[in-house]
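Colleague:
In my numbering, the protein residues as written are 42 to 467.
Okay, here's the thing in structure tokens:
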């Protein structure tokens, strides 16, 4: 959510930003919110004037009563009563207008970083850099679930009976490999100075609307029936929510946290051949990283965060590349976003395994995450998040890139301590 003061003073810049995101249907919102904001401020002024006048009259009533001028005092009391009724009306208008302004402001996208390429959708994202040499072996790479099934490592049929499509049972060495990757990612981030955290896996609606747009909320979140609780789609939601309505000392920043959680997503509208396996599913586990920092440091942390993911995948001998997300592919709260994609030898192309986002002060403004700076001056923090690793999707890249011709899977050295010392699974 952008600053209302910025919108008042720069409506053309806000409209141009909306155009860059190809959301022209939102252009009228700018003029609408300016008009409602003006009305809201006028009503507030009237209410403030009435409150001030009421205080003055109250003092006069006290003085008149003390002087024995009861009749005059009672007359003023009647006036106060009338003003109280008018004030109640104004306060109701003020609350209504303020709510409308907030509702519209939450639909207007964040101002994107100047470095963001302009494009309509993810087909226009821009490749930045490749890390590692993508290899296609001489032998055929089976579909990832076929690889897992040869190890008796996955049971989709039973999961379908128990929970429906989009769920799975992982078994044996594949399940162990899944847990090994998560544990390795946890320790990898701890070694990089991040504090490990296991957060709540459910959050309240005010946190949901604080961390994501309405469109994302509708397409992703599962609501708990009868309660003000949602299952998290990523631990970023809980982790950023940890700082809701706080004033943080500037000297304590940045907060750098890495968190483990299961994640639950509707994946509304998801379809395609890859949905036959575990690429797009309703439940998965994830190691995440988040940063709460000073505004001037967020660009630096953005580069550090995506580099962590690249380094993790390269340590497991998986080639990756980075893609800068174009304007039309950015969620409304994001200032900038970069995807990390892993190489798939079977498909002979890269696919997404992580996403790094700089949200500027959008989440902090919604959740009131403030910083107390020099001289007690308060300002909104910047928040960032990035995927460390999210199996089982990551397992697709791992299995394909470490598969041997005889059907066995090589275990990179960094994972062997988490796999009981195994160098290969057969």
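Every residue gets a Cβ at the ideal spot worked out from N, C-alpha and C, and that includes glycine.
Remember, predicted model here, so these are calculated numbers, not experimental data.
Excluding the 5 residues flanking residue 231 on each side, which residues of the same chain have their C-beta closer than 6 Å to its C-beta?
Modeller: Closer than 6 Å at Cβ, skipping near neighbours: 237.
Colleague: Where do the N-terminal and C-terminal ends of the alpha helix (DSSP H) with residue 203 fall, by residue?
Modeller: Start and end: 197-203.
Colleague: For a test of the three-state rule: what should DSSP assign to residue 303, helix, strand or coil?
Modeller: Of the three classes helix, strand and coil, the one that applies to residue 303 here is strand, per DSSP.
Colleague: Taking the straight line between their C-alpha atoms, what separation do you get for residue 203 and residue 156?
Modeller: In a straight line, the C-alpha of residue 203 is about 47 Å away from that of residue 156.
Colleague: Which residue from 165, 85, 208 and 458 puts its Cα closest to that of residue 63?
Modeller: Out of 165, 85, 208 and 458, 165 has the C-alpha closest to the C-alpha of residue 63.
Colleague: Using only CA atoms, which one of 448, 378 and 458 lies nearest to residue 181?
Modeller: Among 448, 378 and 458, the Cα nearest to that of residue 181 belongs to 448.
Colleague: Return the bridge partner residues of residue 395 from the DSSP annotation.
Modeller: Beta-bridge pairing links residue 395 to 381.
Colleague: Determine the burial state of residue 433: buried for a count of at least 16 other Cβ atoms within 10 Å of its Cβ, exposed for fewer.
Modeller: Residue 433 should be labelled buried.
Colleague: Based on the DSSP output, what are the partners of residue 328 in its beta bridges?
Modeller: According to DSSP, which records beta bridges pairwise, residue 328 is partnered with 301 and 430.
Colleague: Taking the alpha helix (DSSP H) that residue 281 falls in, what are its first and last residues?
Modeller: Taken as a continuous stretch (DSSP letters only), the alpha helix (DSSP H) holding residue 281 covers 276-282.
Colleague: In whole angstroms, what is the alpha-carbon distance linking residue 226 and residue 352?
Modeller: The straight-line gap from Cα to Cα measures roughly 11 Å.
Colleague: Quick one: Cα of residue 224 to Cα of residue 271, how far?
Modeller: So the two alpha carbons sit approximately 26 Å from each other.
Colleague: With C-beta atoms as the reference, is residue 465 less than 8 Å away from residue 410?
Modeller: No; because the gap between Cβ atoms is not below 8 Å, this pair is not in contact.
Colleague: Under three-state DSSP, which class holds residue 57?
Modeller: Residue state, collapsed to three classes: helix.
Colleague: Using the beta-carbon count (16 or more within 10 Å), is residue 265 buried or exposed?
Modeller: With fewer than 16 Cβ atoms within 10 Å of its Cβ, residue 265 is classed as exposed.
Colleague: Return helix, strand or coil for residue 51, following the three-state DSSP convention.
Modeller: Coil at residue 51, not helix or strand.
Colleague: Using a Cβ-Cβ cut-off of 8 Å (strictly less than) and excluding sequence neighbours within five positions of residue 243, which residues of its own chain qualify?
Modeller: Once the five neighbours on either side are set aside, the close Cβ partners of residue 243 are 265, 270, 271, 272 and 273.
Colleague: Helix, strand or coil for residue 435, going by three-state DSSP, please let me know.
Modeller: Helix.
Colleague: What does DSSP give as the partner residue(s) for residue 172 in the beta ladder?
Modeller: Bridge partners of residue 172: 361.
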